[in-house]
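Trainee: Take this structure, written in structure tokens, and hold onto it; I'll ask about it next.
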């Protein structure tokens, strides 16, 4: 039996999932597109209906202010409403809506219960967590935490030359608001299968994986696929394909019983990409992740050795462009213990997990005490229209988030 | 010292090269684009200025009628004005303009010389030889020779969903003209380096290579590049990249001192192609070519064995879509001897060559006696803005084409 509050959450989740909905049951809400704008406006209407105020900062982060104590500092709860192309309806959006419902429940509770909040709550819908239309990912939280200048983000263009500033202005979700926060709380679907495999309903994130992400440009020489003999070819597609295969071989080689290595290439663009033309250029992104810094360093060195070998074998030149390096890092230990106590009190099964994916909390944990929670993902499927989390798992997460938010707002983790 | 006729050819060639000109010295005139339409209209103006009539057939092949004997059958000289994206200014366009100038010279010559033409000449600018915007290549000549139905071609769409019919109507180069021809003559740049390496100015094409072209679709499962463990991945990009590498390994393995094998992948498109998403699908084209049918068959069988291995290794499904098979075939032997005699008479150095690239003459040789001539390409560079053929080589080709056209028109190869 679900409560009226739980029914309200599920009803709002269904409404939210209709924005940018795809035929396959997912959503396509890439950052600052019309569909993202629609979702942001719907969310604004939802929280304004509960009497909360909405503000935007200079890079489109959307802040919902929930005031308990006029003038008090803020505890932030955040995630993102943007999605991958043909993404799932849970990734990010679940966490933002869960934050709103936790705040609504506390808003109600503090009117009747004898507790003294020390903080206000701000729910943050971070701009462009996904990083598909505009690179890099976690853009809004990177600016908020001072890792990337706002001016650089605003001038970043999508593949059609539209800047972030233009895109945000076109959907009307940009402003000049700013705010400091005292602690950060995020809930997200796991996007892996460890909770499901272990039969747990909550994951407490203890650390991030280390991740090295590289943009490579493979340079070849445009030629005729029929007429040009092999000896005369400098085939950028062959070089880039070899790099994709090498990355997988490295993951297989360096993974041990103790430490996993994951390598990926998500974006791979061939120029001029015509049936009878040997490619002159391929742009691709390769990333390597591992739980262990030593293993990561060894795998990374092997990748760069392989790059040099491929340059020889395929007669191409491989240019290394931008890189993004995230060291493996722990979440706040006191926050982890507090989350465990809260789950224990609510009678939820839980365990600690490491996150391989980046989240806005990856940025936030570097500036304030941060707690990151996971709920299960069916079969670990994510960035896919078939992404799924059961209603009961979502509801357990909202209950936990609400209890933790109450603890943070009443000073259990940090004090003003 | 060049003659006024030669200077006129070079001047027209420079004018023609300004249509769709790119910053890198090449042209971008994909089939039935605005730039292709501009070039076709310019060519029409050029030949109409010499008193010739222009007609279009139902799939946009452009016919320039040069009448010597009212009611007589036609000898055709053809090539194509369309180009690759960022293609060279010689590929195809040289042959069409050379045909026009050969016809102009004969038109002049027959007024003053005592020779009796038995045929008229038609210069054909074939629609969409390149096959980049609309697939397959050699589209116009495939319809003309009855290999593909016109209705199928007219309904073929480009990546934006525009049909061939719509594109041809938008540039106004479609009609209902039809014509039978008695023999076919084509001159083209070599797009290889054998003439240059051997110090020859003319190549007489004795045969085509055999070519097997396959459209593959690699199916994977969309997933998160960070969160999804390797064991759970079905990465379409890994499967497709493995296929590209396998194709090159096959070329290296099967090439011997006697027979060359060439493999290529020109088009390779990744879906959804987002930085943090494991690809769910890659569409790619793979072709294998060889001078020897037995070697080609062995290499082809190996490719399909490798496809099955890659399906296992990368945990993907590889679907084989459309295929285009061209058997190695000889050009008309009498035509080859006639071309040799003509080159001999003009004092040009020449040798026989095989063409690896497809040409409209590949289609035409299956229905009428066909002669295919090559002029040198600097360093064999083609389908590239840096494609280059020297003025003297172009002019020698026009001289040879003119002499051969004269011989054909006066009945030296076929007689009405």
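Chains as they are written, first to last, in this note's numbering: chain A, 40 to 455; chain B, 40 to 455. A virtual CB, placed ideally from N, CA and C, is assigned to each residue, including glycine.
Would you check if there are 3 or more beta carbon pairs closer than 8 Å linking the segment 311–326 of chain A to the segment 118–137 of chain A?
Mentor: Segments in contact, no.
Trainee: My output table needs one value for residue 229 of chain B: the three-state DSSP class, helix, strand or coil.
Mentor: On the second chain, position 190 is the one that residue 229 of chain B refers to. Residue state, collapsed to three classes: coil.
Trainee: Does any residue of chain A have a CB that is nearer than 8 Å to the CB of residue 384 of chain B?
Mentor: Counted from its first residue, the second chain places residue 384 of chain B at position 345. Output row for residue 384 of chain B: interface = no.
Trainee: Taking 8 Å as the threshold (beta carbon to beta carbon), is residue 177 of chain B in contact with chain C?
Mentor: Going by chain labels, chain C is absent from the structure shown, which instead holds the protein chains A and B.
Trainee: Counting along the chain, where does the beta strand (DSSP E) carrying residue 261 of chain A start and finish?
Mentor: Here residue 261 of chain A refers to the residue found at position 222 of the first chain. Taken as a continuous stretch (DSSP letters only), residue 261 of chain A belongs to no beta strand (DSSP E), as it is neither H nor E.
Trainee: Report all residues from its chain with a CB closer than 8 Å to the CB of residue 316 of chain A; omit the five preceding and five following residues, and keep chain order.
Mentor: On the first chain, residue 316 of chain A is found 277 positions in, with the first residue counted as 1. Same-chain partners within the cutoff: 261, 262, 263 and 264.
Trainee: For residue 64 of chain B, list the residues DSSP reports as bridge partners.
Mentor: Taking the second chain and counting its residues from 1, one reaches residue 64 of chain B at position 25. Bridge partners of residue 64 of chain B: none, in fact.
Trainee: Could you round the C-beta distance between residue 64 of chain A and residue 418 of chain A to whole angstroms and report it? I think they count as a contact, below 8 Å.
Mentor: Counted from its first residue, the first chain places residue 64 of chain A at position 25. Counted from its first residue, the first chain places residue 418 of chain A at position 379. Contact doesn't hold; Cβ gap of about 14 Å is too wide.
Trainee: Do you know offhand how far residue 158 of chain A's Cα is from residue 106 of chain A's?
Mentor: Stepping through the first chain from its first residue, residue 158 of chain A is reached at position 119. Stepping through the first chain from its first residue, residue 106 of chain A is reached at position 67. Looking at the two C-alpha atoms, the distance is approximately 8 Å.
Trainee: Taking the beta carbon of residue 78 of chain B as the centre, do at least 16 other beta carbons fall within 10 Å, making it buried, or is it exposed?
Mentor: Residue mapping note: residue 78 of chain B aligns to position 39 of the second chain, counting from 1. Result: buried.
Trainee: Does the beta carbon of residue 326 of chain A come closer than 8 Å to any beta carbon on chain B?
Mentor: Residue mapping note: residue 326 of chain A aligns to position 287 of the first chain, counting from 1. True, the Cβ-Cβ gap to chain B drops below 8 Å.
Trainee: Are the segment 327–337 of chain A and the segment 220–231 of chain A touching by the rule of at least three beta carbon pairs closer than 8 Å?
Mentor: no
Trainee: Write down the C-beta distance between residue 415 of chain A and residue 154 of chain A rounded to the nearest angstrom, noting that I regard them as a contact closer than 8 Å.
Mentor: Translated into positions along the first chain, residue 415 of chain A becomes position 376. Translated into positions along the first chain, residue 154 of chain A becomes position 115. With a Cβ gap of about 31 Å, residue 415 of chain A and residue 154 of chain A do not count as contacting.
Trainee: With 16 as the cutoff for other CB atoms within 10 Å, does residue 168 of chain B come out buried or exposed?
Mentor: On the second chain, position 129 is the one that residue 168 of chain B refers to. Buried, by the Cβ-count rule.
Trainee: Could you check the C-alpha separation between residue 130 of chain B and residue 304 of chain B for me, to the nearest Å?
Mentor: Numbered from 1 along the second chain, position 91 holds the residue referred to as residue 130 of chain B. Numbered from 1 along the second chain, position 265 holds the residue referred to as residue 304 of chain B. Each residue's Cα considered, the two are about 20 Å apart.
Trainee: Would a C-beta distance cut-off of 8 Å place residue 349 of chain B and residue 282 of chain B closer than the cut-off?
Mentor: Sequence index remark: in the second chain, residue 349 of chain B carries index 310 (1-based). Sequence index remark: in the second chain, residue 282 of chain B carries index 243 (1-based). For residue 349 of chain B and residue 282 of chain B, yes; Cβs fall inside 8 Å.
Trainee: Among B:204, B:406, B:343 and B:144, which one has its Cα closest to the Cα of residue 289 of chain B?
Mentor: Translated into the one-based positions of the second chain, residue 289 of chain B becomes position 250. The option with the nearest alpha carbon to residue 289 of chain B is B:343.
Trainee: Ordered along the chain, which non-local residues of its own chain (more than five positions away) have a Cβ less than 7 Å from that of residue 181 of chain B?
Mentor: Within the second chain, the letter at position 142 stands for residue 181 of chain B. Closer than 7 Å at Cβ, skipping near neighbours: 187 and 402.
Trainee: Can the beta-carbon of residue 70 of chain B be found closer than 8 Å to that of residue 232 of chain B?
Mentor: The residue you call residue 70 of chain B lines up with position 31 of the second chain. The residue you call residue 232 of chain B lines up with position 193 of the second chain. The answer is no: Cβ separation not under 8 Å.
Trainee: Taking residue 396 of chain A and residue 243 of chain A to be in contact with their CB atoms under 8 Å, please state how far apart those CB atoms are, rounded to whole angstroms.
Mentor: Reading the first chain from its first residue, position 357 is the one you call residue 396 of chain A. Reading the first chain from its first residue, position 204 is the one you call residue 243 of chain A. That belief does not hold up - the Cβ atoms of residue 396 of chain A and residue 243 of chain A are roughly 16 Å apart, past 8 Å.
Trainee: Residues of the segment 117–130 of chain B in Cβ contact with chain A at a cutoff of 7 Å, in chain order, please.
Mentor: 123, 124 and 125
Trainee: Take the Cβ of residue 141 of chain B as the centre, count every other Cβ of all protein chains shown within 10 Å, and call the residue buried at 16 or more, exposed below.
Mentor: By 1-based counting over the second chain, the position of residue 141 of chain B is 102. Residue 141 of chain B comes out buried.
Trainee: Taking 8 Å as the cut-off, does the segment 238–257 of chain B touch the segment 293–304 of chain A (at least 3 CB pairs, one atom from each stretch)?
Mentor: no
Trainee: Does residue 174 of chain A get closer than 8 Å to chain B when you measure Cβ to Cβ?
Mentor: In the first chain, counting from the first residue as 1, residue 174 of chain A sits at position 135. Taking Cβ atoms only, chain B reaches closer than 8 Å to residue 174 of chain A, which makes this a yes.
Trainee: What does DSSP give as the partner residues of residue 159 of chain A in its beta bridges?
Mentor: What you label residue 159 of chain A is simply residue 120 of the first chain in a count that begins at 1. Per DSSP, A:113.
Trainee: According to DSSP, what are the bridge partners of residue 302 of chain B?
Mentor: Locating residue 302 of chain B in the second chain gives position 263, where the first residue counts as 1. BP columns for residue 302 of chain B point to B:327.
Trainee: Among A:164, A:223 and A:426, which has the Cα closest to the Cα of residue 83 of chain A?
Mentor: The residue you call residue 83 of chain A lines up with position 44 of the first chain. Nearest option by C-alpha distance: A:164.
Trainee: Could you please give the first and the last residue of the uninterrupted beta strand (DSSP E) stretch that includes residue 410 of chain B?
Mentor: Here the question's residue 410 of chain B lines up with position 371 in the second chain. Element bounds for residue 410 of chain B: 409–414.
Trainee: Can you tell me where the alpha helix (DSSP H) holding residue 140 of chain A begins and where it ends?
Mentor: Walking along the first chain from the start, residue 140 of chain A turns up at place 101. Looking at the DSSP string, the run of the alpha helix (DSSP H) that includes residue 140 of chain A is 132–151.
Trainee: Which residues does DSSP pair with residue 322 of chain B in a beta bridge?
Mentor: Within the second chain, numbered from 1, the residue matching residue 322 of chain B stands at position 283. In the DSSP secondary-structure assignment, residue 322 of chain B is bridged to B:256 and B:308.
Trainee: Please state the DSSP three-state secondary structure of residue 292 of chain B.
Mentor: Counting from one through the second chain, the residue named residue 292 of chain B turns up at place 253. Taken through DSSP and simplified to helix, strand or coil, residue 292 of chain B comes out as helix.
Trainee: Could you tell me which residues DSSP pairs with residue 377 of chain B in its beta bridges?
Mentor: For the purposes of this step, residue 377 of chain B is taken as the residue at position 338 of the second chain. DSSP output for residue 377 of chain B lists no bridge partner at all.
Trainee: Indicate the three-state DSSP secondary structure (helix, strand or coil) for residue 399 of chain B in the structure shown.
Mentor: Counted from its first residue, the second chain places residue 399 of chain B at position 360. Three-state DSSP puts residue 399 of chain B in a helix.
Trainee: Would a C-beta distance cut-off of 8 Å place residue 241 of chain A and residue 387 of chain A closer than the cut-off?
Mentor: Within the first chain, numbered from 1, the residue matching residue 241 of chain A stands at position 202. Within the first chain, numbered from 1, the residue matching residue 387 of chain A stands at position 348. Contact: yes.
Trainee: Is residue 221 of chain A helix, strand or coil when you go by DSSP?
Mentor: As a first step, residue 221 of chain A must be located in the first chain, where it is residue number 182. It is a strand residue.
Trainee: What does the Cβ neighbour count give for residue 358 of chain A, buried or exposed, with the cut at 16 atoms within 10 Å?
Mentor: The count along the first chain starts at 1 and reaches residue 358 of chain A at position 319. Result: exposed.
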